[in-house]
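There are 2 protein chains.
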Amino acid sequence: MTDLTLVPRDEAIDTAAAAPAACCGPLTRETISADDAEVFARRLKALADPARLRLVSIVAASDGQEACVCDLIEPVGLSQPTVSHHLKILMDAGFLTRSKRGTWAYYKLVPGSLDAAAAPLVTV
Amino acid sequence: MTDLTLVPRDEAIDTAAAAPAACCGPLTRETISADDAEVFARRLKALADPARLRLVSIVAASDGQEACVCDLIEPVGLSQPTVSHHLKILMDAGFLTRSKRGTWAYYKLVPGSLDAAAAPLVTV
DNA sequence: GCTCTGTATTGACGTTCATCGATATTCCGA
DNA sequence: TCGGAATATCGATGAACGTCAATACAGAGC
Chain A
6 MTDLTLVPRD EAIDTAAAAP AACCGPLTRE TISADDAEVF ARRLKALADP ARLRLVSIVA
66 ASDGQEACVC DLIEPVGLSQ PTVSHHLKIL MDAGFLTRSK RGTWAYYKLV PGSLDAAAAP
126 LVTV
Chain B
6 MTDLTLVPRD EAIDTAAAAP AACCGPLTRE TISADDAEVF ARRLKALADP ARLRLVSIVA
66 ASDGQEACVC DLIEPVGLSQ PTVSHHLKIL MDAGFLTRSK RGTWAYYKLV PGSLDAAAAP
126 LVTV
């Protein structure tokens, strides 16, 4: 389903999870299906944690909407493995992408992913 | 704490949790505070469940954005106590209000509560 | 090669959560 | 007043989650 074969590697990484397709229409318009509810719930669950919200926010508010792990640990006040764990969850949910430069890992906000996640809730 | 004494019963119930103030600005503008992250996460957690999303959706898509519990149990396919449990969580989070008519309980969507919950995620 | 540094993974522990059956509560009708 | 129907609460159980210490992995520099 995902077609990455013809794309240069760096771009591939950046856009790999960059298709945050809306799972469903507005909740207020029409009853959501069981499958769509599952997808949407999984997405919301990835955000529904104080530490992860702060991580997303720090990344999103950084230059180029990108931040190094080394700059994320101290602000959230959690251990390095825990931060790494949360970042993985956010990546799996399609909100962040990872790019390594040397020993450092940079996490970047997937453009539009937050809006896509919020879309089914918005009525206007 | 809840002051219902001077207000007609139905209005009191309808407007009790009807103040879904935005917990914070857009996540992308500025780093969210620890306290705001806690508040926002609690709100998202209430929605981040397939059963609760379906309940909210059914209620929101009903006439007058209101539905009887008896009409909610069968669509979600869960036991009555479980549905009641989820409805309470949605009520505590400020998304639904309850009004009893006879033996029936009607749950109504708090106007604007979904938009308020989504607001910090939206960039545009 | 070796060491150091930054990050990811593993394993374990305590907490929270979703779910149900059983029971309590509330209200209507006979 | 009693019985029945609709809903809420209680108690228990198994699964998922957040956290950390210990460890593994990868890249840079010597």
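Top line first, the protein sequences correspond to chains A and B. Mapping of the first sequence onto our numbering: residues 6 to 129, in sequence order. Mapping of the second sequence onto our numbering: residues 6 to 129, in sequence order. We put the CB at the ideal spot given by N, CA and C, even for glycine.
- Do you know how far the Cα of B:Arg59 is from the Cα of A:Ala124? 16 Å
- If we ignore side chains and look at the alpha-carbon of each, how far apart do A:Ala56 and A:Cys73 end up? 16 Å
- Message: Among B:Ser118, B:Lys93, B:Thr128 and B:Ala121, whose alpha-carbon lies nearest the alpha-carbon of A:Ala121?
- Response: B:Thr128
- Contact with chain A by B:Asp97, beta-carbon distance below 9 Å: no
- Separation of B:Leu92 from B:Pro31, as counted between CA atoms: 28 Å
- Query: What is the DSSP secondary structure of B:Leu32, reduced to helix, strand or coil?
  - Reply: Looking at B:Leu32 - three-state DSSP - the assignment turns out to be coil, as it is neither helix nor strand.
- With a CB to CB cut of under 8 Å and the five nearest residues on each side skipped, what residues in its chain are close to B:Ser89? Val74
- Item | Environment of A:Gly82 [buried if 16+ CB atoms lie within 10 Å] | Exposed.
- Beta-carbon of B:Ala65 versus every beta-carbon of chain A: anything under 9 Å? yes
- Item | Cutoff 7 Å; reference B:Arg34; Cβ partners in own chain excluding five residues on either side | none
- Task: Let me know if A:Ser84 comes out buried or exposed under the rule of 16 or more other beta-carbons within 10 Å of its beta-carbon.
- Result: With fewer than 16 other Cβ atoms within 10 Å, it is exposed.
- Message: Less than 8 Å between C-beta atoms, sequence neighbours within five positions excluded: which residues of the same chain meet that for B:Ala46?
- Response: Cβ within range, chain order: n/a, list empty.
- Item | C-beta atoms of A:Gly117 and A:Arg48 nearer than 9 Å | no
- Provide the residue span of the beta strand (DSSP E) that contains B:Leu114, from first to last. Where B:Leu114 is concerned, the enclosing beta strand (DSSP E) starts and stops at Trp109 to Leu114.
- Message: Output needed for A:Ser38: all residues of its chain with C-beta closer than 8 Å, excluding positions within five of it in sequence on either side, in chain order.
- Response: Cys29
- Item | Residues that A:Ala72 bridges to, as DSSP identifies them | A:Tyr112
- Query: Considering only residues of the same chain and omitting the five flanking positions on each side of A:Leu101, which have a CB-CB separation below 7 Å?
  - Reply: Taking C-beta separations shorter than 7 Å and ignoring five residues to either side along the sequence, the partners of A:Leu101 in its chain run Val64, Leu92, Leu95, Tyr112, Lys113, Leu114 and Val115, following chain order.
- Query: So is B:Lys50 in contact with chain A if we call contact Cβ pairs under 9 Å?
  - Reply: yes
- Between the C-alpha atoms of B:Arg106 and B:Ala26, what's the straight-line distance to the nearest angstrom? 29 Å
- In this structure, what does DSSP give as the bridge partners for B:Leu101? B:Leu114
- Pair within 9 Å by beta-carbon distance, B:Ala51 and B:Asp97: With a cutoff of 9 Å on beta-carbon distance, B:Ala51 and B:Asp97 are scored as near each other.
- Message: Can you tell me where the alpha helix (DSSP H) holding A:Asp41 begins and where it ends?
- Response: Ala39 to Leu52
- Out of B:Ile78, B:Ala66 and B:Asp40, which has the shortest C-alpha to C-alpha gap to B:Ala110? B:Ile78
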